[in-house]
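Step one of this worksheet: look at the structure below.
Residue numbers (my numbering), protein chains in the order written: chain A, 2 to 401; chain B, 2 to 401.
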C-alpha cells in the first residue's frame, strides 16, 4: 500500500464543526499573479527592515548562540518583556514586566484567551462586524456570540446594558483602524466603554495590531490606559507583525497578574514557549529605539497606499456607495446599495481577476448584511489599485 | 492607581482546573547555579550547530528576506514539508508532502490533536507512565485517561483489548527511548501494537522526539511504517528540537490527508502558521544532508553522558535499586525499593543542591507508584553527575 490509510476516526465535536474558511479559499485563488487582490491582510514588505533584522539575527547567534537555540521560559525572553512593559508605560501608568506574556503572534493570544474564558455556550461579546480570525479562534471553544451594535463611529458603548452583557465572559474590541471596518473609537466612546465595562464587571480584550500605523488624526489613549483608573479589567494584545514583520510570529499580552499566571500555564501546554531566537533577534532590533525612526517610514507607505485607493473609489465607485476613511491601518470597508450581494459580486470579480473579501464572514450572527465588503490597499501598486477598483465599479454598476 | 485591577473574572472550567505544574516549580529551583539538576529535559547545547544556523539565517535574509519575514502558508514552508516527506519515505513507503504539517514544536501538535480528538470525557489511552507535557496538553480538553500497562519492555500490546479501548479516541505512544522511562519498544511489540490498533480501529499518535538520538542497539521501524501495510491510522510527530535546537520551536506532524486537513484548519485558528523565518533557516541548514554528518556527533555526546550516569548509578545507588539502560535519548528511569517516596526524597535532595523529577506526575491515574524517579543526564558535566548521584545514593541509603 502506498497511501496512508484512513480507518474510522472519531473527531471531537468542535473539529466536526470546522469548515474551510471563506477567506482561506479566496486567498488560494488570489495567489495567481494575474489577480489584483484587495483580499489579503498582508503588511507591505516595503516596510520590513530586512538589513536590521539580518544584523540582529547575526549578532544574537554570534554572541549568545547557545541561549538563542535552547528552550526558554514560557513567559518569554525577559529583556523583551521588559522592553514591552517600558514601551507601554505612560504618565500615570506603569506596566510591570510580570504583566507581559510573549506569544507566537496575537492569533495565539486569541486561542489562549478562548481556552482561558470560554466554556461551551459561554456568552462572548464581539463587534458587528469583527476580526474573522478572532471569531475562528474563539469558535473552537464553542461560545455563544452576542454582537454589539456599531455605527459610523464604531462600537456603541451605550448598547452595553445589563441584559446584553449578562453572564458574558468578555467583550472583544479592536479600537484602532478596526479589521474589517477601518474605524477608530474616539476618546468619548473609549471612556464610556471602559466605564460601562468596569461597572458591569465585564473584562475587555483590547486587540490593537494596527495602533502604531496611524497616519491621520490624533493618537488616542488605549483602553488599558483608560481602564485602569476606573477599575476595568483590560487584557491588551499587541504584535510586532505590523511594526516589524509578521513572519517572525511575535506578539504579546498585557494583563493583570492573575490572568497572566493562568495564560502561562495554558501556553506551557500549548507550545511550551515562543521561539527563543526570534524573541532575542526582535529585542536586539528594537532595544535602542529603532522603531522611532522606522515607524514614520512605515506609516508613510500605508498613508500613500490608502490615498491611492480612496482616490480610485471616488473616481470609479457609484455615488450611492459609502466607504470608511481610515486614520491608519490596512482596511477600507465599503457599503454598497441594498440588494447587492457581495458574495455574488466576488464571483464576477474573480472572473475578471480582481478579489476582495465579502462582508458577511466578519459577522458572528447569521443575519449578516450582504452588501458590505473589505478592501486591503497596502500591497497593491498604484496602477493596479486603479485598475482593480475600476473593474469593481463597472461590475457594481452606476448608482441610483 | 498604579497596578492593574483584577475585578471579578469568570474563567472557563478547564482553566479553573489548572494547577502549577510540579516540574515547572522544580525547574525554577534548579535555575540556581549551585544545584546539580538531573530534572531538566534540555538537550545538550554542545550539540547545537551554531555556525551552520547562523550562516543559514544570514543566507535566507540576504537572498529571500521579504519572503522570510512575510506571513506564510498555514501548512508550512513547502520546501521544508517536501524535505520532511522525503526524509521519512522508506522502501515501500512514500510520504507525500501533503501528508506533512509543520508545527511550532511537537508540543503544539499535542495541543492541536487534543482539539481535534477530545471532547470532555472522551477516553484517551496513554502509557503508564507517559510524557508529562502530553498529559498537560490533552488535559485542557478534559479527557478521561485510561492507562495502558507497561513492563520492562515498555507498553504491553496484549493489554489492548476491546474493553480497554472501547470508545477511545486514540492511543498516545512514545516508542523510542520513552520520556520518562528511556524504554524502547522492540519490533515484536511494535508489530503487535499496530495490528491490534488496526483491528480495533484505534488511531495511534506516535511521538518520536528522540528517535534520531540512538546510540546503542538496532534502529526499529516506526509505527507509521509498520502501521500502513496493516491498515492502522498512525499520526506521527517529529521535531527538530533534538537534532538541531529546541529554541527554534519547529516540529511536524505526518498523518492521513483528512487528519492533516482538519489540523490545518485548527492551526489557522491557533497561530495562523509557524514562523516563516525559522522554517526557511532550518530548511537551508538541512537541505544538503547536513544531519548525516551532524547527528553522529550529537549521538556521541549523549552516549558519553549516559555512560557517566550509568557508571555513577552502579557505584553509588543501593543494590535493591533498579534502573533502565536506554539505547538512546535523554532519560534514565529509576525504581527504588517499596516504601521510599521520591517526592519526599526530592525535598531532602534539594536541601543538598541536587534535583530530579519524581515519578508520580508522569502517571495519568491517581494510583501512581511513589518509588520512581526520572534522571536526565545530558547537560551535566561528568564530575557533577558523579557528585550528584553520590548524594542521592547517600540520601536513599543502603539497600536491604
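Yeah, the Cβ is synthetic: ideal placement off N, Cα and C, and Gly gets one too.
Can residue 363 (chain B) and residue 161 (chain B) be called in contact, C-beta distance under 7 Å?
no
Is it true that the CB of residue 210 (chain A) sits closer than 7 Å to the CB of residue 171 (chain A)?
no
Grab me the residues of residue 263 (chain B)'s own chain with a C-beta within less than 8 Å of its C-beta, minus the 5 sequence neighbours each way, in chain order.
117
Report yes or no: do the region 348–362 of chain B and the region 64–79 of chain B share at least 3 C-beta pairs separated by less than 8 Å?
no
In terms of residues, what are the limits of the alpha helix (DSSP H) holding residue 303 (chain B)?
Per DSSP, residue 303 (chain B) is one residue of the alpha helix (DSSP H) stretching across 291–317.
Spatial neighbours of residue 101 (chain A) within its chain, please: C-beta separation below 6 Å, excluding the five flanking residues on both sides.
82, 85, 86, 253 and 255
What's the gap between the Cα of residue 344 (chain A) and the Cα of residue 143 (chain A)?
26 Å
Whose C-beta lies closer than 8 Å to the C-beta of residue 276 (chain A) among residues of the same chain, with five residues either side of it excluded?
105 and 250
Anything in chain A within Cβ reach of residue 365 (chain B), meaning under 9 Å, just list it in chain order.
For residue 365 (chain B), there are no C-beta contacts with chain A under 9 Å, since the nearest C-beta of that chain is about 14 Å from it.
Mind reading off the beta-carbon distance from residue 355 (chain B) to residue 37 (chain B)? Whole number of angstroms is fine, and I expect it under 8 Å.
Contact check for residue 355 (chain B) and residue 37 (chain B): beta-carbon distance about 5 Å, within the 8 Å limit, so the pair qualifies.
Given residue 266 (chain B) as reference, the closest of A:55, A:58, A:43 and A:138 once Cα atoms are compared:
A:138
Buried or exposed for residue 368 (chain B), going by 16 or more other Cβ atoms inside 10 Å?
So residue 368 (chain B) ends up on the exposed side.
If I measure Cβ to Cβ from residue 292 (chain A) and keep anything under 7 Å in the same chain, skipping five residues before and after, which residues do I get?
Setting aside the 5 residues that flank it on each side, residue 292 (chain A) is surrounded in the same chain by 244, each with a C-beta closer than 7 Å to its C-beta; the list follows chain order.
Euclidean distance between Cα positions of residue 378 (chain B) and residue 178 (chain B)
Their backbone Cα atoms lie some 13 Å apart in a straight line.
Look up residue 334 (chain A) in the DSSP assignment and give the residues it is bridged to.
A:375
Ends of the alpha helix (DSSP H) at residue 278 (chain B)?
277–287
Would you call residue 400 (chain A) buried or exposed, if buried means 16 or more other Cβ atoms sit within 10 Å of its Cβ?
Looking at its Cβ environment, which holds fewer than 16 other Cβ atoms inside 10 Å, residue 400 (chain A) is exposed.
For residue 164 (chain A), which of A:201, A:98 and A:376 has the nearest alpha-carbon?
A:201
Would you give the residue range spanned by the beta strand (DSSP E) that residue 237 (chain B) belongs to?
235–240
Give me the DSSP bridge partner(s) of residue 102 (chain B).
B:254
Paired residues, beta bridge with residue 151 (chain B) - DSSP
B:156
So, with DSSP's three-state summary, where would you put residue 40 (chain B)?
coil
Nearest to residue 347 (chain A) by alpha carbon, out of A:54, A:113, A:366 and A:376?
A:376
Taking 7 Å as the threshold (C-beta atoms), are residue 189 (chain A) and residue 227 (chain A) in contact?
no
Does residue 90 (chain B) pass the burial test, meaning 16 or more other C-beta atoms within 10 Å, or should it be called exposed?
exposed
Cβ-based contacts, 8 Å cut-off: residues of the region 330–345 of chain B near chain A
none
At the 7 Å Cβ level, is residue 2 (chain B) part of the contact set with chain A, yes or no?
For residue 2 (chain B), the predicted structure reports a pLDDT of 39, less than 50, and the residue's modelled location is therefore unreliable. The matter cannot be settled from this model.
Span of the beta strand (DSSP E), counted from its first residue to its last, around residue 208 (chain B)
205–208
Can you tell me whether DSSP reads residue 145 (chain B) as helix, strand or coil?
Three-state DSSP puts residue 145 (chain B) in a strand.
Can you tell me whether DSSP reads residue 134 (chain B) as helix, strand or coil?
helix
Boundaries of the alpha helix (DSSP H) in which residue 392 (chain A) is found, first to last residue
383–397
Could you name the residues of chain A that residue 208 (chain B) contacts, counting a contact when the two beta carbons are closer than 8 Å?
Per Cβ cutoff of 8 Å: no residues; residue 208 (chain B) is ~14 Å from chain A at best.
May I ask you to report which of helix, strand or coil DSSP gives residue 365 (chain B)?
coil
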